[in-house]
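K.L.:
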Amino acid sequence: MASDVSRRDFLLMCAVASGAPLAGLDPGPAVAADAPKKGGTLRVAFYIEAATMDPHLSGSKIDRQVYHNIYEPLVTLDVRLGIKPGLAESWQQPDPKTLILKLRRGVKFHDGTEFNAEAARFNFNRMKTEPKSVRKGEVASIDSVDVVDAYSIKLNLKRPDAALLATLTDRAGMMVSPKVAQERGAELERNAKGAGTGPFEFVEWVKDDHILIKRNESYWNRQGGPYLDRVRYRPIPDDTVKLQSLQTGEIDVMDYVQPRDVAAVKADRNVVVVDVPSLADFAYQLNHARPPFNTKALRQAVAYALDLEQIVKGVWLNVGVPANGPIPPTSWAYDRSIPPIRRDLAKSKARLAEGGQPNGFAFTMTTNNIPINVQEAEVIQAQLREAGITMKIKLVDSATLISDGNNKNFEMISYQWSGRPDPDGNTYQFYKTTQGTSLNWSGISNPQIDALLDRTREVANQAERKKLFSDLTKILQDELPMVFIVHPIEPKAFSPKVRGYEPIPDGMMRFKDVWLQ
Amino acid sequence: MGRLVLRRLGATVPVLLLVTAGVFALLHLTPGDPIDVMMAESVDAEVKENLRRELGLDRPLYVQYAAWMGRLLRGDLGRSIRNGEPVVESVSRRLRPSLELALLAMTVSLVIAFPVGIVCAVRRNTPIDRAGATFAVFGICMPNFLLALLLIFFFGVTLRWLPISGYTDPLEEGWNGLRSLVLPAVTLGLALAAVVTRTLRSSVLEALAEDYVRTARAKGLSEWRVIQAHVLKNALIPVVTVLGLQLGTLIGGAVITEYVFALPGVGRLVVDAVFARDYPLVQGVVLLIAVGFILSNLIVDVLYGWIDPRIRSR
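Each protein sequence line maps, in turn, to chains A and B. Residues in the first sequence are numbered consecutively from 76, following the numbering used here. Residues in the second sequence are numbered consecutively from 3, following the numbering used here.
(1) Taking the C-alpha atoms as reference points, what is the distance between residue 98 of chain A and residue 55 of chain B?
(2) At 8 Å on the CB atoms, spell out the chain A contacts of residue 277 of chain B, in chain order.
(3) Does DSSP put residue 185 of chain A in a helix, in a strand, or in coil?
(4) Closer than 8 Å by C-beta to residue 288 of chain B: which residues in its own chain qualify, once you throw out the five before and the five after it? Chain order, please.
(5) Can you list the residues of chain B that residue 127 of chain A reaches, using a CB-CB cut of under 7 Å?
(6) Within this structure, are the beta carbons of residue 172 of chain B and residue 180 of chain B separated by less than 8 Å?
(7) Could you give the uninterrupted runs of the beta strand (DSSP E) lying entirely in the stretch 395-422 of chain A, keeping only those of 3 residues or more?
(8) Could you check the C-alpha separation between residue 486 of chain A and residue 361 of chain A for me, to the nearest Å?
(9) I think residue 267 of chain B touches residue 145 of chain B, with their Cβ atoms under 8 Å apart; what is that distance to the nearest whole Å?
(10) Please identify, using Cβ separations under 8 Å, the residues of the stretch 300-313 of chain A that lie next to chain B, in order along the chain.
(11) Examine chain B for any beta-carbon lying closer than 8 Å to the beta-carbon of residue 261 of chain A, and answer yes or no.
(12) Taking C-beta to C-beta, are residue 358 of chain A and residue 559 of chain A nearer than 8 Å?
(13) Compare the C-beta of residue 167 of chain B against all C-beta atoms of chain A and say whether one is closer than 8 Å.
(14) Distance cutoff 8 Å, beta carbons only. Does residue 129 of chain B sit that close to anything in chain A?
(15) Using C-beta distances below 6 Å, list every residue in its chain close to residue 592 of chain A, excluding the 5 sequence neighbours before and after it, in chain order.
(16) Any beta carbon of chain A sitting closer than 8 Å to that of residue 40 of chain B?
(17) To the nearest angstrom, how far is it from the Cα of residue 91 of chain B to the Cα of residue 262 of chain A?
(18) Taking the alpha carbon of residue 169 of chain B as the reference point, which residue from B/61, B/182 and B/30 has its own alpha carbon closest?
(19) Going by other Cβ atoms of all chains shown within 10 Å of its Cβ, with 16 needed for buried, is residue 280 of chain A buried or exposed?
(20) Closer than 8 Å, CB to CB, is residue 29 of chain B near chain A or not?
(21) So which residues of chain A does residue 158 of chain B contact, with C-beta pairs closer than 8 Å?
(22) Between residue 450 of chain A and the rest of its own chain, which residues show a CB-CB distance below 7 Å, the 5 nearest in sequence each way excluded?
(23) Taking buried to mean at least 16 other C-beta atoms within 10 Å of its own C-beta, is residue 148 of chain B buried or exposed?
(24) Measure the C-alpha to C-alpha separation of residue 82 of chain A and residue 151 of chain A and round it to an integer number of angstroms.
(25) Under the three-state reduction of DSSP, which class applies to residue 329 of chain A: helix, strand or coil?
(26) At a Cβ threshold of 8 Å, is residue 176 of chain B touching chain A?
(27) Cβ of residue 401 of chain A less than 8 Å from any chain B Cβ?
(28) Can you check whether the C-beta of residue 242 of chain A is within less than 8 Å of a C-beta belonging to chain B?
(29) Is there a Cβ of chain B sitting closer than 8 Å to that of residue 266 of chain A, yes or no?
(30) According to DSSP, is residue 221 of chain A part of a helix, a strand, or is it coil?
(31) Which of helix, strand or coil does DSSP assign to residue 573 of chain A?
(32) Which same chain residues, not among the five before or five after residue 79 of chain A, have their C-beta less than 6 Å away from its C-beta?
(33) Spell out the partners DSSP gives residue 173 of chain A in its beta bridges.
(34) Relative to the C-alpha of residue 385 of chain A, which candidate in A/396, A/123 and A/118 has its C-alpha closest?
(35) Report the residue from A/564, A/379 and A/198 whose alpha carbon sits nearest the alpha carbon of residue 348 of chain A.
(36) With residue 450 of chain A as the anchor, note down where its alpha helix (DSSP H) starts and where it stops.
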C-alpha cells in the first residue's frame, strides 16, 4: 500500500483524532537530519528478560523486540499499518482462498543457507506441526503450502482470511533457517546463531544479563542501514532505575516510559521521548454467563456511569486516548465518527431500573495488582458509586487473572490486549461465539456479531471492511461484552545521540536505520 | 563436634521434606496455571492440553510430587516449564551473585556494626551512644527500596561514582564487579548493621557488668585489652545468632534489592517463577533456600562451640 503521509503527519493525525497531546514529537531521534554514520553499540533496556529466541514458540512481547532485528517477516508494516514487502517481494490473491507470495531472491540466512520457497514452506509446516508452537492459531486458516517455483509459494486457505497478510508481519511470518531449526532443535530457544535473515545477527544470550546482536555485513537490503555495530539488550525491571540509567547514559534506549514519568522525562534535555500510539485495547470483560452482567441493561448502566475522559486524564495522565471500541485510532479501520460512550448518570439510573435494580447493585471487579490498574479501579469504583453501583476490587497476579478469565470465574475482569495490526486481531477472538477456552471471556454469543466477524474475513476490500468494523463497533457499544476504557500510547525514550528511529504503532523497535551520533 | 554436625545434618531431612511438600501443596492450591501464563495469547485448547500432558501436569498431585521426589533423589531437579532449562542450571547461575551480594552485605554490616556497637556500649548514655541509637533506628526503619533509590540517586545519578544497575561478576572483573555490587551491598548491609549494632551493644553491656571483667580490670589490664580479650568473646554469641539467621534471608530474600538494582539473584528468580507458576523452578529454588537456612544455622551452631567451649561439652 503506497503511503503519501509522512510519519510525522501520521502521528499528528493520530493525535488530532484522539485529542491527545503528542508533545514528544521532537524531531530528534525520528528524523535523521545529518548523514548517518556506521559504528557503535546501542544499549537497550527492557523491563524483563526475553523468554525464547524461537519466534514460533514465543508468547512474549519482549522477544518480538529482538526478533524484529534478527529475523524478518514475509511482509512488514509501514507507519500507517499498511502492508509492505519484506521477504516476500509481492503477493497476489487470485481467489479469496489462495495467496501467492513471490519471494525475494538473493537472501541468505545468517548461517549461509539460502532463503527460498522450500525454506518458507518448512517454516509454515513447523508452525502448524511443532507441538509447542504458539503460532498454530495464527496460521490456522492455512490448509497447505505449495512450492510453485524456487521463489514462489502458494498458500491454500481453508477459508477466506483477509487478516492473514497482517498476521504475517509478525512472528507468524518470520522465517527461520531450516538447517538451524533441524540441527539445533530445542536449543534454538536459547541460541539463535545463524537462524535469521535480518539486518542483525544473533551473537549471544547470557541469561539474566544481556542479549547481544551484531550487524549483518551481507544484508540483502543495501538501502540505508544497518549502521550499528552491535545492539545490546538488557533487563532492568525497575522503571525508575531504568529511567535513571538512561538519564546518566548507562543505556541509550528504553522500551516504555510509565505515564507518571512522561511529563518529567519530556522536560529533561538529556532524553528524547517519542510517543508511539499503540494498537492496544485496554478494557474490562463483563461476564454474560452470570448475574449481574447477564442483564444487558445493567452492563449499560455501568458503561453510562463511567467518565472515560476523567480516567484517561487522571490515571493515564493523557498518555492514551479514550476508547470507543476495540479498534485503536492507529488503525485504518478506526471510525472517528463513533464517539466513546459518554457519562450520563440519568441514563445509567434509567438502565438500572430497566434491569430490575433501581437502587443499584454490587459486583466484584478482578484486576492486576499493579499500581496503574489499582488507580484505575479506584477511579471506576468512585464513578460507579455516584450511580449507586457498588464495586468491590479483587487484586490478583497475572496468572490468577488469566486463570479466572479462562474459567469464566469473574463478574468484571481487566483485559489489556497489546493489539494486532489488523483489526481482526482485536476483535474476532474476543467476540465470536466459541466453545471452550478462548479469549472471549465474556461469553458473548450474538448471531449478528458472528456474521459481521465472518464477513470481515471474507471481504478483501479495505473500505468495505472498515464499514463492517464500524457496524461491529456500534453493536459492541450496545451489547457491551466489554467496557472499553483506553488505547494507551507507548512512549519510548532515547538518548539524544540515537538517530533514525521510525516509530511504527506495533511498538516494535527496528534498528536497521538507527545510528549513533 | 563431628557428631554434632552429623546429628544436625540428619535432622535436616524431615525439615526439607516438610518444606518441599508444603511449598508444593501451596503452589498448586494457588489459582493460576503455568500453561495459561505461557500461552496467554494462544486460544488453541488442544495445544495447551498436549503441552500439559507432555509436562505431566495432568496427573494427580501426589503422583507429581512423588515423581519430583524420585528425580530429586537421583540428583535431578527437573526442568523449568517456561523455558525448558534445567533447574540446576538456572539456580546455580543465580546463586553466585546472591552469595557474593550476601557476603559483601555482611562485610559492610560488620565493618559498621562492630566499632559502633562497641563504642556505644562503652560510652553508654553519652551523645555518641545516642547517635549510635539514632543510626540503628534509621537503619531498621528505612525501607529497602527507598534506601536503594536514594543511594542510586546520590552515588549513581548525581555524583556518577557508581553504576546504577546491573551485575558484573567480581570473580571475573574484580574492580568493575565490586563497583556493581557496592550499592546493593550497602543497601542490605545498612539494615543488617543496625540490627547487629543494637545486639552487640546490649551483649557488650551485659558482659561489661560481669565479675570477670572487674577481675580483669583489677589485674591492671588496659580497657582495650579487657574488651578485646574478655568482653568481646563473651558478647559474640547473640551476634552470631543474628548473623546466622540473616545469612539465609540475605541469600533468598533480597528480592527488592535485586529487583531495584537489576541483579540476577536467587530472590528474583523465585518470585518470577512464582508469578509464572513455574512449579519445578519454584520447588528447586525453595529447596535451595531451605538448605541455605539449615546450613547457616549449622554453621552458627559450630561457631557457638568454637566461641564457647561449654556448649561443645554439653
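Cβ atoms here follow ideal geometry from the backbone N, Cα and C, with glycine treated the same way.
P.N.:
In this structure, then:
(1) Legend: pLDDT at residue 98 of chain A = 38, less than 50; position of this residue unreliable, value from coordinates given subsequently. Answer to the nearest angstrom: the Cα atoms are 51 Å apart.
(2) 472, 473 and 474
(3) coil
(4) 21, 22, 25 and 272
(5) 85
(6) Yes; because the gap between Cβ atoms is below 8 Å, this pair is in contact.
(7) 395-397
(8) 6 Å
(9) That pair is no contact at about 19 Å.
(10) 309, 310, 311, 312 and 313
(11) yes
(12) yes
(13) yes
(14) no
(15) 572 and 574
(16) At least one chain A Cβ lies under 8 Å of residue 40 of chain B.
(17) 14 Å
(18) B/182
(19) buried
(20) no
(21) 319 and 323
(22) 390
(23) Residue 148 of chain B should be labelled exposed.
(24) Below a pLDDT of 50, predicted positions are generally treated as unreliable, and residue 82 of chain A, at 44, falls in that range; no measurement from the model is reported.
(25) strand
(26) no
(27) no
(28) no
(29) no
(30) strand
(31) strand
(32) Its pLDDT being 38, under 50, residue 79 of chain A is placed unreliably in this model, and the value from its coordinates should be taken loosely. So no residue of the chain qualifies.
(33) A/170 and A/231
(34) Ranking the options by Cα distance to residue 385 of chain A, first place goes to A/396.
(35) A/564
(36) Looking at the DSSP string, the run of the alpha helix (DSSP H) that includes residue 450 of chain A is 446-461.
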